[in-house]
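Undergrad: To start, I am sharing the structure in question, which I have written as C-alpha cells.
Quick look at the structure:
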C-alpha cells in the first residue's frame, strides 16, 4: 500500500505531465505485400506455398489467413531427423535417425507467427467446446519457434522467413553430445546453412534440409574417433511438415496380451466409471477392398523400401527377410497387402511417403532400430522407418567363424559362416520392420517353438553324436505363430456391423488357448527380473537345459579353436576378437537360467480370461538351475587350453587395442586369469542380484520347500571354497580367482542400496562364516611359510577385505580393491544400447 507521503511527492510530477502537450506516435510503416517481397524468388506450391531465395540461402513461408479463434492457421505433423550422422554407436547420432513426431499448430498472434506444439498427453475426447477448452487451458503447450511477419496482403496472407526455424538445433544434438560424455558443444551459425537444393514441396508434405556445424574446444573421445576435425562436426538435419492424416482411420484399443506398441494419454471426458488413461495401438492404415470378405486385397498395400546403399548379397537378404510379414498379413485376412521393394533412386529416405529400411554405417557395431512417424493423436503409423547397423552382419560372421572356423567362409557350404550371417540378417530385417509395423518385442516366443521374429534369436547350435557342431537349424525362417496372431489383432478388418470389441477379445482368447504367451521388455531386460520364460538371446522352454547345451557347444568350440578360426593370411592376433564370442557363448543362456532361481511365473492376465495366477518356479527346477549355474565356476570350464593361449598374440604394429578384446592386466600379453574372473563374475553377479536375493527370502518364507537365500549363499560359497583342490597349480590359481570374485560379489550385495535389510543380514552372516572358514589357511608352518602355499596370503587378503566391511558396515561404500574386468561387448553380440536411444523399438 502506497503511503500518503509517496502520493504527495508524485502529485506535482503527475500534474506537470498532464499539462504537457501530447504528441501522437507516427504510424508504423505498412508491411509490403507478399508479391512485392518475393520478387525474383522461386515460388513452390505444395502443402503450403514456399519461396526459395537461392542467392541468400533462405526460404520463406506463405501463411494463409488465420481461420481459428486463437489465430490458428492450420495444424500439421512435424518431424525432424538427421540425414547424415556422426557414425558413433555410443553417441547414437545416426544417419536416418528420426526425432519425435509432433502435432504443431501455426498461429498468427499480432505481428508474429508461432509454431506451437499441441499437448496431446492430456485431452478430452468430446465434441463439447467447453470441455475441450478446459483441458487446453489446464495443460501448457510448447511454442517451438516464433518469427516476425515480413509481408502482408489485404486478404490476410502473410510471409515469414522460415530459415531460422530450420537452421537450429532441432534434434538436440548439443544435449546428446553432452549426455554421452562428448563435452560441451554449441551450434556455430556462421558455419551452418540452409541447403536450397533440398527444399522440396509436395501436395501433402514439405521437406527441408540444413547443414549444421557444431563446435567444441574439448571434444570427447568418440568424436575424436569419427570426425576429421574433432573440434567441428557437421550434420545434415532434415525437417518434414506433413498434412494431418485424413478421416477413415479408427484407433484400436491396446491390449497387454496382444503385443503392440501404443500411444497413451489421459482422457478427461471419460465417464466416471471408465479409466482416465487411454491407450491405442500403433499400426498402419490398412483397408480391404471388400470389408465383408474374409479375405480381400488391400486398397493401398503397405510397401517397405530397402536402401539401395546396402551391398549384395545383404540387400537381397534384407528384401527376403522383410518380406516375411506378408505371411502375417495373409493370416489377418489380406491379399497382397504388403510387399518389399528397392528404394527408387529419386526417393528421399526421410520423405514421409516412403517406408524405408535404411543401411547405416558406424565406426563400431551397434544396435538397429525400427519405428517411424506416428500420428500421436491416433497411433496411426504414417511412415515406417528402420535403421540397420551395417557392422552387425560382420559380427555374426565372426561368431560363426569362432564356432566352426573360417576355412569355409564364402564357399556356400554347410559350415560357411556367411550363410548363417545372412540368415541372421534376414531375421534382423523382419524384426525391425515388425517394430515399424507397430509390434513390440515378445521375449517368451523362443520358449514355444521360435514362434516370433520379435524375439531376440540366439543361434541354435547342437553337438552331434560325433562331437561336431551342427548349425543346420541355426535360425528359423518366416513369420511365426505369434507374428500371425499379433497381426490378426492389430490389422484384422471386421465386416460391417460386427462387434469389433467382441471380435478382438475372441482373437486374444484364441491366442491364449494356443499358448501364445506375450512377455515384453519390462519382463525380460532387468538383471533381477523373475519370469522363467522371458529372456533375450535364448533357446528352448527349459532355460537350465539350454544352458547345459550352450556349455557343451562352448566346450567343443574351445577344444577345436585354433589358427583356422581366422582366414588365411590374417594376423593371428585377430584370434582374440574371434575367441570372445566363443568363450562367452553361454552368457545369455546363463541369464535365462538365473531367472529360474527365485523365479515367478505370471501372466498379463485380465479378469475372466482364464489365465493362471502367479506362482513361484518349483523347488526342483530352481535347484537344478542353481547347480548348472554353479558348474560355470569350475576352474576346468574357465581355464583356456594352452594351445589356444599360445596363439593369442599381442597386437601387430598399427593395430591398437579395441573394445572387442578381453580386458586384462598383463598387457601386451593375453590375461587368461582376468578372462576367467570375468566369466565367473557373470554368474556371481546374476545370482546375487538384490531383487533376486530379496525374492529368495520372501518366497522361502511363504513356501519353506523353496530354496532360501541362505541356501543359495551357502551353495555359492561351497562351490568356490569347498570340495577337493584342483590337481595342479594352474587350475588352483583359477580357483583363487573365482573365490575372489565370489567375495567381491558378496560384498557388493551387502553394500547395495537396493538390498533389503533381510538380504544384508543374511549376507553379513555368510561373510562372517566365510572368515571363520578361511582362518585355518592363514597359519604358518613354524614361521617358515604358509601351510597351504599361495592359498595362505590369498586367504589373508580376502579376510582383510571382508573384515574391513564388517567393521565399517554400510559406511564402507568405496570399492577398496580390484574388481573383475567387464567382458567385451555382448548384445547385439555387442554392447548396450546408446544411453539416449530412449526407444524400446530396437534390437
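In the numbering used here, the protein residues as written are 9 to 851. The C-beta atom is built at its ideal place from N, Cα and C for all residues, glycine as well. Keep in mind it's a predicted model, so treat the numbers as computed, not measured.
#1: Just mark residue 344 as buried or exposed, buried being the case when its beta carbon has 16 or more other beta carbons within 10 Å.
#2: Grab me the residues of residue 803's own chain with a C-beta within less than 6 Å of its C-beta, minus the 5 sequence neighbours each way, in chain order.
#3: When the distance is taken between beta carbons, is residue 725 closer than 8 Å to residue 684?
#4: Rounded to the nearest angstrom, how far is the Cβ of residue 809 from that of residue 797, given a contact under 8 Å?
#5: Grouping DSSP H, G and I as helix and E and B as strand, with all else coil, what is residue 387?
#6: Can you find the residues in the same chain that come closer than 7 Å, C-beta to C-beta, to residue 713, ignoring five residues on each side of it along the sequence?
#7: Hey, quick one: how far does the beta strand (DSSP E) through residue 366 stretch, first residue to last?
#8: I want to know whether the segment 622 to 642 touches the segment 598 to 609 - three or more CB-CB distances under 8 Å.
#9: Between the alpha carbons of residue 265 and residue 453, how many angstroms are there, rounded?
#10: Can you tell me where the alpha helix (DSSP H) holding residue 695 begins and where it ends?
#11: Tell me whether residue 759 is buried or exposed, calling it buried when 16 or more other Cβ atoms sit within 10 Å of its Cβ.
#12: Could you check if residue 390 belongs to the surroundings of the ligand MN, using beta carbon to heavy atom distance under 7 Å?
#13: Just checking my contact of residue 436 with residue 399 at CB under 8 Å: how many whole Å lie between their CB atoms?
#14: What's the C-alpha gap between residue 451 and residue 526?
#15: Under DSSP, the beta strand (DSSP E) around residue 83 begins and ends at which residues?
#16: Could you give the distance in angstroms between the alpha-carbon of residue 503 and the alpha-carbon of residue 355?
#17: Is residue 269 close to chain C, meaning its C-beta is less than 8 Å from at least one C-beta of that chain?
#18: Which of the three DSSP states is assigned to residue 548 in this structure?
#19: Which of the three DSSP states, helix, strand or coil, is assigned to residue 640?
#20: Measure the C-alpha to C-alpha separation of residue 574 and residue 812 and round it to an integer number of angstroms.
#21: Mind checking residue 305: buried by the 16 CB within 10 Å criterion, or exposed?
#22: Quick check: what's the CA-CA separation for residue 141 versus residue 496?
#23: Label residue 733 either buried or exposed according to how many other C-beta atoms from any shown protein chain fall within 10 Å of its C-beta, with 16 as the threshold for buried.
#24: Return the chain-ordered list of same chain residues with a C-beta closer than 8 Å to the C-beta of residue 12, the five sequence neighbours on each side being excluded.
#25: With DSSP as the reference, identify every bridge partner of residue 346, one or two as the case may be.
#26: Spatial neighbours of residue 292 within its chain, please: CB distance less than 6 Å, with the 5 preceding and 5 following residues excluded, ordered by chain position.
#27: Count the other CB atoms within 10 Å of the CB of residue 673; is the residue buried (16 or more) or exposed (fewer)?
#28: What number of angstroms, rounded off, separates the C-alpha of residue 438 from the C-alpha of residue 445?
#29: Suppose you measure from the CA of residue 135 to the CA of residue 150; what does that come to, to the nearest Å?
#30: Please classify residue 222: does DSSP put it in a helix, a strand, or coil?
#31: When the Cα atoms are used, what is the spatial distance from residue 493 to residue 682?
#32: Pick from 56, 729 and 168: whose alpha carbon is nearest that of residue 45?
#33: Count the other CB atoms, across all protein chains shown, that sit within 10 Å of the CB of residue 326; report buried if there are 16 or more and exposed otherwise.
#34: Indicate the three-state DSSP secondary structure (helix, strand or coil) for residue 773 in the structure shown.
#35: Would you list the one or two residues that DSSP bridges to residue 465?
TA: Considering the structure as presented:
#1: exposed
#2: Hits under 6 Å: 782, 785 and 786.
#3: no
#4: At roughly 20 Å, the Cβ-Cβ gap does not stay under 8 Å, so residue 809 and residue 797 are not in contact.
#5: coil
#6: 627
#7: First-last of the beta strand (DSSP E) with residue 366: 363 to 368.
#8: yes
#9: A straight-line Cα-Cα distance of about 13 Å links residue 265 and residue 453.
#10: 680 to 695
#11: With 16 or more other CB atoms across the displayed protein chains lying within 10 angstroms of its CB, residue 759 is buried.
#12: Among the components of this structure there are no ligands whatsoever, and the ligand MN is therefore not found.
#13: In fact, because the Cβ distance is near 12 Å, the residues do not count as touching under 8 Å.
#14: 7 Å
#15: 80 to 90
#16: 36 Å
#17: Here chain C cannot be found, since the structure has a single protein chain.
#18: DSSP places residue 548 outside both helix and strand once states are collapsed to three, so it counts as coil.
#19: Per DSSP, reduced to three states, the secondary structure at residue 640 is coil, with no helix or strand assignment.
#20: 47 Å
#21: exposed
#22: Residue 141 and residue 496: Cα-Cα distance of roughly 38 Å.
#23: exposed
#24: Model confidence at residue 12 stands at a pLDDT of 46, short of 50, so the residue's coordinates are unreliable and nothing is read from them.
#25: 310
#26: Close CB contacts of residue 292 within its chain, under the 6 Å cut and outside five residues either way in sequence, are with 310 and 389 (chain order).
#27: exposed
#28: 10 Å
#29: 24 Å
#30: Note: residue 222 maps to strand in three-state DSSP.
#31: 47 Å
#32: Ranking the options by Cα distance to residue 45, first place goes to 168.
#33: buried
#34: helix
#35: 546
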